[in-house]
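A.B. asks: Top to bottom, those sequences are chains A and B. Residue numbering for the first sequence follows the numbering used here, starting at 1 and increasing by one per position. Residue numbering for the second sequence follows the numbering used here, starting at 1 and increasing by one per position. The C-beta atom is built at its ideal place from N, Cα and C for all residues, glycine as well. Please read these numbers as outputs of a predicted model, since none were measured by experiment.
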Amino acid sequence: TQLLEQSPQFLSIQEGENLTVYCNSSSVFSSLQWYRQEPGEGPVLLVTVVTGGEVKKLKRLTFQFGDARKDSSLHITAAQPGDTGLYLCAGAGDSNYQLIWGAGTKLIIKP
Amino acid sequence: EAQVTQNPRYLITVTGKKLTVTCSQNMNHEYMSWYRQDPGLGLRQIYYSMNVEVTDKGDVPEGYKVSRKEKRNFPLILESPSPNQTSLYFCASRSRYGNTIYFGEGSWLTVV
């Protein structure tokens, strides 16, 4: 059974600080996605990484896929209150139809 | 506007009273699925469908039924709800060849 462990589960920091969220597994994924979910809404896709070692940037967010395609990280630079939300990672296994989901990281950025 | 619409958004019901949560997507997606989201457990897939008349169990199918008679609709049926089915439910869809999953806004279900 493939599992994705996300850490930390909860993070509360001040505006302007940097942070990193991790998504780890012992399994290899063909691709990995990061979603952000705000209260009262469904998750929204932020990025998909496919190649081992791949780095993608979305403004102040940097996503990295591990060389072995078993782990990924999300780094936020100079966090802002608007970054507050639940961040979820999801890995695609052998079947592209099925995703393995991490439990999520609840991020709070205090003004 | 491309969207996944689910109803009701909020429901309080009693144990054993059958209920249906509807889901409709307007993107002509082949793939639809239902998830439940519980604190600390993340998203767990209940059922999924790869196309009309094709459905399969996800990770937590017990106590739920689904049907896919039309491509756009994928209702979730709780024949005899129990309190442990109190949760936040999401319907989602995706194109067969795309990798972006589109989620509905969620349905808060409380079973007392």
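#1: Under 8 angstroms: do the stretch 37-44 of chain B and the stretch 91-111 of chain A share three or more Cβ pairs, one atom per stretch?
#2: Based on the DSSP secondary-structure assignment, which residues constitute the bridge partners of ILE13 of chain A?
#3: Would DSSP call ASP83 of chain A helix, strand or coil?
#4: Report, in whole angstroms, the separation of the C-beta atoms of VAL107 of chain B and TYR89 of chain B, which I expect to be a contact under 8 angstroms.
#5: Determine the extent of the beta strand (DSSP E) in which ALA92 of chain B is found, giving its start and end residues.
#6: For the putative contact between VAL4 of chain B and TYR102 of chain B, defined by C-beta atoms under 8 angstroms, what is the C-beta separation to the nearest angstrom?
#7: Short of 6 angstroms in beta carbon distance, which residues of its chain neighbour GLU30 of chain B, apart from the five on each side in sequence? Order them along the chain.
#8: Count Cβ pairs between the stretch 47-64 of chain A and the stretch 5-16 of chain A that sit closer than 8 angstroms; are there 3 or more?
C.D. replies: If we stick to the structure as given:
#1: Touching, yes.
#2: Answer is A:ILE109, bridged to ILE13 of chain A.
#3: In the three-state scheme derived from DSSP, where H, G and I count as helix and E and B as strand, ASP83 of chain A is classed as helix.
#4: The sequence shown places Ser at residue 107 of chain B, rather than the Val named in the question. So it is a contact: roughly 5 angstroms between Cβ atoms.
#5: Per DSSP, ALA92 of chain B belongs to the beta strand (DSSP E) from 87-94.
#6: Rounded, the Cβ-Cβ distance is 5 angstroms, consistent with contact.
#7: Only ASN51, ARG96 meet the Cβ criterion.
#8: Too few Cβ pairs lie closer than 8 angstroms, so no.
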